[in-house]
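Please read the structure below before turning to the comments.
2 protein chains.
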Amino acid sequence: MSENTIPLPVKLQRALVDIEETTGVPLAAGPFVVGVSGGADSLALLHALLSIVPAGQITVAHLDHGLRPESAAESVIIRDQAAAWGVAFVGGLAPVAELAAAAGQGIEEAGRQARYRFLAQVARERGAAVLTAHHADDQVETVLMHILRGSGLAGLRGMLPAGRLPEDPDIWLLRPLLGASRAEIEQYCRDHDLHPVEDASNRDTTYFRNRLRHDVIPLLETVSPQIGQHLQHLAATVTADYALLQQLSDVAMVDVTLDRGPGWILLDRTLWQGLPLSIRRSILRTAHRHCDPAGRDLGFASLEGARAAAEAPRSGQQAHLPGGVIVYVLPKELFLTADPSLLPVLAPQVGKPVALPVPGRVKLNEGWFVEATVVNARDARASRDFRDPWTAYVAVESQTPLLIRGRRRGERMQPLGMGGRHTSIKEIMIDRKIPAHLRQRWPVVVAGDQIVWLVGQVVDERFRAGETAARVVRLVCFQGDA
Amino acid sequence: MSENTIPLPVKLQRALVDIEETTGVPLAAGPFVVGVSGGADSLALLHALLSIVPAGQITVAHLDHGLRPESAAESVIIRDQAAAWGVAFVGGLAPVAELAAAAGQGIEEAGRQARYRFLAQVARERGAAVLTAHHADDQVETVLMHILRGSGLAGLRGMLPAGRLPEDPDIWLLRPLLGASRAEIEQYCRDHDLHPVEDASNRDTTYFRNRLRHDVIPLLETVSPQIGQHLQHLAATVTADYALLQQLSDVAMVDVTLDRGPGWILLDRTLWQGLPLSIRRSILRTAHRHCDPAGRDLGFASLEGARAAAEAPRSGQQAHLPGGVIVYVLPKELFLTADPSLLPVLAPQVGKPVALPVPGRVKLNEGWFVEATVVNARDARASRDFRDPWTAYVAVESQTPLLIRGRRRGERMQPLGMGGRHTSIKEIMIDRKIPAHLRQRWPVVVAGDQIVWLVGQVVDERFRAGETAARVVRLVCFQGDA
Chain A
626 MSENTIPLPV
636 KLQRALVDIE
646 ETTGVPLAAG
656 PFVVGVSGGA
666 DSLALLHALL
676 SIVPAGQITV
686 AHLDHGLRPE
696 SAAESVIIRD
706 QAAAWGVAFV
716 GGLAPVAELA
726 AAAGQGIEEA
736 GRQARYRFLA
746 QVARERGAAV
756 LTAHHADDQV
766 ETVLMHILRG
776 SGLAGLRGML
786 PAGRLPEDPD
796 IWLLRPLLGA
806 SRAEIEQYCR
816 DHDLHPVEDA
826 SNRDTTYFRN
836 RLRHDVIPLL
846 ETVSPQIGQH
856 LQHLAATVTA
866 DYALLQQLSD
876 VAMVDVTLDR
886 GPGWILLDRT
896 LWQGLPLSIR
906 RSILRTAHRH
916 CDPAGRDLGF
926 ASLEGARAAA
936 EAPRSGQQAH
946 LPGGVIVYVL
956 PKELFLTADP
966 SLLPVLAPQV
976 GKPVALPVPG
986 RVKLNEGWFV
996 EATVVNARDA
1006 RASRDFRDPW
1016 TAYVAVESQT
1026 PLLIRGRRRG
1036 ERMQPLGMGG
1046 RHTSIKEIMI
1056 DRKIPAHLRQ
1066 RWPVVVAGDQ
1076 IVWLVGQVVD
1086 ERFRAGETAA
1096 RVVRLVCFQG
1106 DA
Chain B
626 MSENTIPLPV
636 KLQRALVDIE
646 ETTGVPLAAG
656 PFVVGVSGGA
666 DSLALLHALL
676 SIVPAGQITV
686 AHLDHGLRPE
696 SAAESVIIRD
706 QAAAWGVAFV
716 GGLAPVAELA
726 AAAGQGIEEA
736 GRQARYRFLA
746 QVARERGAAV
756 LTAHHADDQV
766 ETVLMHILRG
776 SGLAGLRGML
786 PAGRLPEDPD
796 IWLLRPLLGA
806 SRAEIEQYCR
816 DHDLHPVEDA
826 SNRDTTYFRN
836 RLRHDVIPLL
846 ETVSPQIGQH
856 LQHLAATVTA
866 DYALLQQLSD
876 VAMVDVTLDR
886 GPGWILLDRT
896 LWQGLPLSIR
906 RSILRTAHRH
916 CDPAGRDLGF
926 ASLEGARAAA
936 EAPRSGQQAH
946 LPGGVIVYVL
956 PKELFLTADP
966 SLLPVLAPQV
976 GKPVALPVPG
986 RVKLNEGWFV
996 EATVVNARDA
1006 RASRDFRDPW
1016 TAYVAVESQT
1026 PLLIRGRRRG
1036 ERMQPLGMGG
1046 RHTSIKEIMI
1056 DRKIPAHLRQ
1066 RWPVVVAGDQ
1076 IVWLVGQVVD
1086 ERFRAGETAA
1096 RVVRLVCFQG
1106 DA
């Protein structure tokens, strides 16, 4: 039996079973919310669905876009049809033209968003999966659109038979008619005396899709009559290839991620460089997406620019990605962030313990210094009000040597102004959002076993430069050429 | 500096260094055989190459296709140009029209084959790599052609910067101008006063490419002006993705291959079923290629048909692939072959040792039987001339019980007609090309510790049914319903 002679309800049933097997989630028996525009495809989907699951499992959701004078009457027809078939109906009205104007969007994009918001709401209330009637010809257009607009494997997959609603990732979005052609669906409507209230071929009026449907695909069919089938097969092939690559990339991502937080991520550059090119690219994409919540498309040119910088023998380069994300190429790490203040080269770090002479200066990493100066108490009092966290005034007697080093495991201090309470340095660092990868080598100034200053953060109560201090030392941490 | 303002020789140099890094083979410094048609692209390639490597490293190879009256004069111009630049020249003349007629090919295909054979020959003599002048616009056409004609990832890669000549896999075929556009190349020719002898845009006159160049691509550019760049980027992305998937698939292929020989392969079905979909498909493709040396394209529909059969809960199905390759779905294996006589279900196999009564019959696997009958010596002598290997006449006394079992480790016999020489059963099996996966359970008829008959292959000298035999037993191994 050829693909095209399989009855639509059988195809639908098989697609739902396939979806259930692929996702491992019991989705084949409903409950379903079917998005019904009133076009041939959604009407056929609803009718075929009724022949394989009980009407009680189905809710028709119809959103009136209010764009055409006849749309209200069409909504009534759909409501009556649902009632005649014993199916629940939820209607909605969205002022799409106003929404588009308010958001500065195109009508089609605003309509699409309103429609999916509406479907998400109806499905959420019912704990149902959303079904749409996208079919094989829609799929061909989608794949072709991605090819023409530029895409990697992700786009070549086309629409997936099962995914999540972008508007609510808890809700499944199923497209069980992707294996059926527009011609098949229209024939099904004729065979079952179904009367679409809207001409489906005019429904999607975006310029791009219309050009594809009316100019591009007909021309491509003259050079390759099977182009539609080829693109469907390509989508099916690539879906599996992409899934495997994504799985590998996810595993590798865990391996190379040293640390991450909102808007930034630190990758092990050495490890990353040892991965296959496909995975190196994929990790940069994922890292960019992590840093740019708006999810701008990375694009091939900027991806390759970042990769070239990250693979260069010398560190110190930067690459700029969409969304203001910067890739800082460090000797052993890649740091991506849209917020340069989080950059580790802009944070002080200390290696081996080093003596801090008073007066004197100690060089840390990347042009960072700590400078110690003896000041008179009056200067100290006057300056203290600036509250620059990178300057500290401390009371240290002249016979007490100072040292700069990293924290020790379990080390504690008595933060100024907290009544002498002992607090672990680790807790203070977490509290002050020092990224984990910077904590180990974050400089602390110590006198013997006692913390004097957690640099840039907090002075210890025991070294408070009070009114009666015999000797006040000003500690300044700064980055510069000095 | 934008991509398009990088001088052609710099691009060429970078591409050669990239190729060297990617392949790990020292290819960047030559020696090179440059295929020169006399068109703008090959002339520019030759000229740019001369500015980065010594002329002594370069040989110009030009094949006169003898299709146009002016071609002989063009060959002379190219030879003179090569001489003027101090570059070795090898000319050839191929009667392409006659070759095409003889092979029943199109002129273009015959020309392409003759050209690559010629290039292979010139390169082989010089231990050189072949360079062709395929450029970015050629690449765009190639990728688009693969998309339109139906392709998975392999085709979407387009032409590779470095590969092997199909006509001689020992010779490298390099395409270092894939990153340069036709416009750039033509500009380079104008800037350096190079005079192509042939209009490159008319060179490739295949119907399909011409349709792409003159109809399809211009239309696509009206809907997506950057389509050319998008397709180049797609090819670059997919090349890396494909390489990784192929690497995974190669590793998995080794794991699932139980045995293989010319024209057949036996796969571990259980293991195969546990692999990701992408790899399952890839392994079927590789297995098909192994069985069909002509390398017919598998095609998505037949691939999916074979996969469905192979994944079905019940074994026993068959799927038919191009090139006459059949996939036999066995309980724990997949057997692919274009020669059904190699099918293991058509070969006898024995499990536990089992007594063979005389007269009597023993059932083996899959409808195979061994039958023992006492015959008179005259019948034996008369029948022996048929030399059916599946029938044996042996001298066995009536008090000697017979047993059927598999071979034992290190077991030996004295094959009939070899003067009583002891030979290991393993060696006989290898010599007689019994596939390794069938050897362990290949039935042998034994009397005590002595081999009587290696079924279907050879009788033991000690049980020869000679003139004086007291009792002759006919052993027949056959497959049937009995």
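Note that the protein sequences, when read in sequence, are chains A and B. Remember, my numbering sits 625 above the position in the first sequence when you count from 1. Remember, my numbering sits 625 above the position in the second sequence when you count from 1. Ideal Cβ placement from N, Cα and C applies to all residues, glycine included.
Looking at the DSSP output, Gln1075/A bridges to Ala1072/A.
Per DSSP, Trp1015/B lies in no beta strand (DSSP E) segment and is marked neither H nor E.
Look at Glu996/B here: in three-state DSSP terms it is strand. The Cβ-Cβ distance between Leu773/A and Val659/A does not fall below 7 Å. In the assembly as shown, Gln1075/A is an exposed residue. Its beta-carbon has fewer than 16 other beta-carbons within 10 Å. The Cβ neighbour count for Tyr867/A, taken over all protein chains shown within 10 Å, is at least 16; the residue is labelled buried.
Among the residues of the stretch 727 to 738 of chain A, none has a Cβ less than 9 Å away from any Cβ of chain B. When CB distances to chain A are screened at a threshold of 8 Å, the residues of the stretch 892 to 914 of chain B falling below it are Pro901, Leu902, Ser903, Ile904, Arg906, in chain order. Excluding its 5 nearest sequence neighbours in each direction, Leu845/B has C-beta neighbours in its own chain below 6 Å: Ile852, listed in chain order. Uninterrupted alpha helix (DSSP H) stretches at least 4 residues long and entirely within the stretch 801 to 851 of chain A occur at 807 to 816, 825 to 828, 832 to 836, 842 to 848, given in chain order. DSSP, read as helix, strand or coil, puts Lys988/B in strand. Scanning the stretch 875 to 955 of chain B for uninterrupted alpha helix (DSSP H) segments of 4 residues or longer gives 894 to 898, 902 to 916, 925 to 936, listed from N- to C-terminal end. Along the stretch 1034 to 1049 of chain B, none of the residues has a CB nearer than 8 Å to a CB of chain A. Boundaries of the alpha helix (DSSP H) around Phe743/B: 732 to 751. At the C-beta level, Ile796/A and Leu790/A come within 7 Å of one another.
Note on geometry: alpha-carbon atoms of Asn1001/B and Gly924/B lie some 58 Å from one another. Remark: C-beta atoms of Gln682/B and Gly711/B do not approach each other more closely than 7 Å.
Between Ser907/A and Gly920/A, the alpha-carbon positions lie close to 15 Å from each other. By the C-beta criterion, the stretch 806 to 814 of chain A is judged not to be in contact with the stretch 892 to 907 of chain B, since fewer than 3 inter-stretch pairs fall below 8 Å.
Beta bridge pairing from DSSP links His672/A with no other residue.
Taking the Cα positions, Gln854/A is about 48 Å away from Ser676/B.
In this structure, the straight-line span from the alpha carbon of Gly691/B to that of Glu734/A is close to 58 Å. In its own chain, leaving out the 5 sequence neighbours on each side, no residue places its CB closer than 6 Å to the CB of Asp763/B. Only those residues of the stretch 859 to 870 of chain A whose C-beta falls short of 9 Å from the nearest C-beta of chain B are listed: Leu859, Ala861, Thr862, Val863, Thr864, Ala865, Asp866, Tyr867, Ala868, Leu869, Leu870. According to the DSSP assignment, Glu958/A belongs to the beta strand (DSSP E) that extends over 958 to 962. Residue pairing from DSSP leaves Trp1067/B without any beta-bridge partner.
The criterion of a C-beta distance shorter than 7 Å is not satisfied by Glu1086/B and Gln1024/B. Linking Gln638/A to Ala728/A through their CA atoms gives a straight-line distance of about 39 Å.
Inter-residue distance for Phe960/B and Arg914/A is about 45 Å (C-alpha atoms, whole angstroms). When the alpha-carbon of Val1098/B is set against those of Ala1020/B, Ile1055/B, Asp643/B, Ala933/B, the nearest one is in Ala1020/B. The beta carbon of Leu989/B sits closer than 7 Å to the beta carbons of Pro973, Gln974, Val975, Val995, Pro1068 from its chain, once the five residues preceding and following it are set aside; these are given in chain order.
Ser874/A is not a Cβ neighbour of Ile842/A, given a cutoff of 7 Å. Linking Leu633/B to Phe743/B through their CA atoms gives a straight-line distance of about 27 Å. Taking each of Ala937/B, Gly1081/B, Ala787/B in turn and checking the Cα distance to Val1101/B, the smallest one comes out for Gly1081/B.
The residue among Lys957/B, Pro1014/B, Arg1046/B, Ile1029/B with its C-alpha nearest the C-alpha of Arg986/B is Ile1029/B. Judged by DSSP secondary structure, Arg704/B falls outside any beta strand (DSSP E) and instead within the alpha helix (DSSP H) spanning 696 to 709.
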